[in-house]
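Heads up: the protein sequence lines correspond to chains A and B, in order. When we follow my numbering, the leftmost residue of the first sequence carries the number 117, and every step to the right adds one. When we follow my numbering, the leftmost residue of the second sequence carries the number 117, and every step to the right adds one. Report on the following structure.
2 protein chains.
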Amino acid sequence: MKPSINRLKHLVRPRIYIGKAINIGPGKIDLLREVDAMRSISAAARSLGLPYKRAWLLIDTLNRGFGNPVIETAAGGKGGGGAVLTPLGHQLIERYDALEARINKSADKELQALCNLAGKTAD
Amino acid sequence: MKPSINRLKHLVRPRIYIGKAINIGPGKIDLLREVDAMRSISAAARSLGLPYKRAWLLIDTLNRGFGNPVIETAAGGKGGGGAVLTPLGHQLIERYDALEARINKSADKELQALCNLAGKTAD
DNA sequence: TATCGTTGTGCCTTGTTAGACATAACGCTG
DNA sequence: CAGCGTTATGTCTAACAAGGCACAACGATA
Chain A
117 MKPSINRLKH LVRPRIYIGK AINIGPGKID LLREVDAMRS ISAAARSLGL PYKRAWLLID
177 TLNRGFGNPV IETAAGGKGG GGAVLTPLGH QLIERYDALE ARINKSADKE LQALCNLAGK
237 TAD
Chain B
117 MKPSINRLKH LVRPRIYIGK AINIGPGKID LLREVDAMRS ISAAARSLGL PYKRAWLLID
177 TLNRGFGNPV IETAAGGKGG GGAVLTPLGH QLIERYDALE ARINKSADKE LQALCNLAGK
237 TAD
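Okay, here's the thing in structure tokens:
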């Protein structure tokens with residue numbers, strides 16, 4: 117089996133609002149990543165434990181938000197069909213990861229201060 | 117009149133999860149800020165256009181999450197009563213602002229890239 | 001051609017959330 | 001002491017989101 121997804125945990129998983137049509141958060145990004153690994157929407161949904169319909173809806177939202185498709189799908193054929201990320205989809209993941217990494221790196225100090233205020237450890 | 121609230125717009129308004137009892141986002145912070153300016157929960161709620169009950173609930177969630185009160189309230193008395201931020205409340209705002217500023221400053225480049233992907237301007 | 005596992009939709013039910021409304025307690029003020 | 005504007009709380013309902021189920025279309029494969 118493929119190692120699928122294995123990433124380090126971040127404290128901050130940003131949600132970005134662009135205009136009023138697009139909002140990108142950890143859920144959609146994780147889903148894209150899983151689709152990329154599985155080459156299938158339904159397989160990705162199963163893997164993430166969410167219903168196919170919801171997965172499809174999330175992706176459809178992205179497609180319509182950007183005006184261009186984030187994944188390309190095929191119904192029927194080998195294995196019943198499948199889904200592949202478009203270049204836009206790959207770039208989206210890439211950019212989000214870069215943003216997330218930079219945020220977590222630079223925000224670490226203030227984050228710790230916030231946790232101290234709460235008297236708890238973040239998990 | 118007091119200048120109330122007048123802050124520069126940030127693209128990223130982070131929501132931080134600390135443990136499982138605390139989650140802090142732009143809504144609660146803005147509310148705290150308004151309570152601080154108005155010295156009243158109900159006035160702050162009116163100003164932000166949300167029902168009193170919701171405002172109170174948000175604050176109560178913070179109070180219980182932190183184990184210590186974020187604001188101090190008084191029912192009855194001059195003007196019917198009022199609410200004042202505790203030192204913890206002030207620190208919370210301060211820390212959140214610092215985090216937000218740092219995030220937005222350091223993430224600007226990736227953010228622009230994301231907006232370019234969308235072919236839109238963030239607003 | 002029958003089968004299979006996908007994608008893509010629709011419908012209905014349920015669960016959660018948000019809001020409206022009502023009301024009590026409180027303590028200055030006139 | 002009556003009035004006022006708060007804080008604080010309960011209840012009820014409407015709106016919305018989530019999930020479940022069903023099913024058609026598709027195209028390689030056997």
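Think of the CB as a built atom: it goes at the ideal place given N, C-alpha and C, for glycine as much as any other residue. What you are looking at is a predicted structure, and each value in this text was computed from that prediction instead of being measured.
Quick check on G143(B): does DSSP put it in helix, strand or coil? Position 27 of the second sequence, counted from the first residue, corresponds to residue 143(B). Three-state result, G143(B): helix.
If you drop the 5 nearest sequence neighbours on each side, which residues of the same chain put their C-beta closer than 8 angstroms to that of R131(A)? Taking the first sequence and counting its residues from 1, the one referred to as residue 131(A) is at position 15. N139, I140, G141, P142.
Expressed to the nearest angstrom, what Euclidean distance is found between the alpha-carbon atoms of V128(B) and M154(A)? By one-based count along the second sequence, residue 128(B) stands at place 12. By one-based count along the first sequence, residue 154(A) stands at place 38. Taking the straight line joining both Cα atoms gives about 31 angstroms.
Please check the pair I209(A) and C231(B), which I expect to be a contact at CB under 8 angstroms, by giving their CB distance rounded to whole angstroms. Numbered from 1 along the first sequence, position 93 holds the residue referred to as residue 209(A). Numbered from 1 along the second sequence, position 115 holds the residue referred to as residue 231(B). That pair is no contact at about 16 angstroms.
Run through chain B and tell me which residues come within less than 9 angstroms of R131(A), C-beta to C-beta. By 1-based counting over the first sequence, the position of residue 131(A) is 15. Correct list: V128, R129, P130, R131.
Proximal residues of chain B, C-beta to C-beta of I138(A) below 7 angstroms: If you number the first sequence from 1, residue 138(A) lands on position 22. Within chain B, the residues near I138(A) are A234.
Neighbouring residues, chain B, relative to S222(A) (Cβ below 9 angstroms): Within the first sequence, numbered from 1, the residue matching residue 222(A) stands at position 106. Within 9 angstroms Cβ-Cβ: R218, I219, K221, S222, A223.
Which whole-angstrom value is the C-beta distance of L215(B) and A223(A), which I expect to be below 8 angstroms? Here residue 215(B) refers to the residue found at position 99 of the second sequence. Here residue 223(A) refers to the residue found at position 107 of the first sequence. Contact holds; Cβ gap of about 6 angstroms.
Minimum C-alpha distance to N191(A) - residue among A171(A), S158(A), R162(A): The residue you call residue 191(A) lines up with position 75 of the first sequence. It is Ala, not Asn, that sits at residue 191(A) in the sequence shown. The option with the nearest alpha carbon to A191(A) is S158(A).
Of the residues D146(A), K225(A), Y212(A), the one placed nearest A64(B), counting alpha carbons only: With chain B represented from 117 up to 239, any question about residue 64(B) goes unanswered, as that position is not in the structure.
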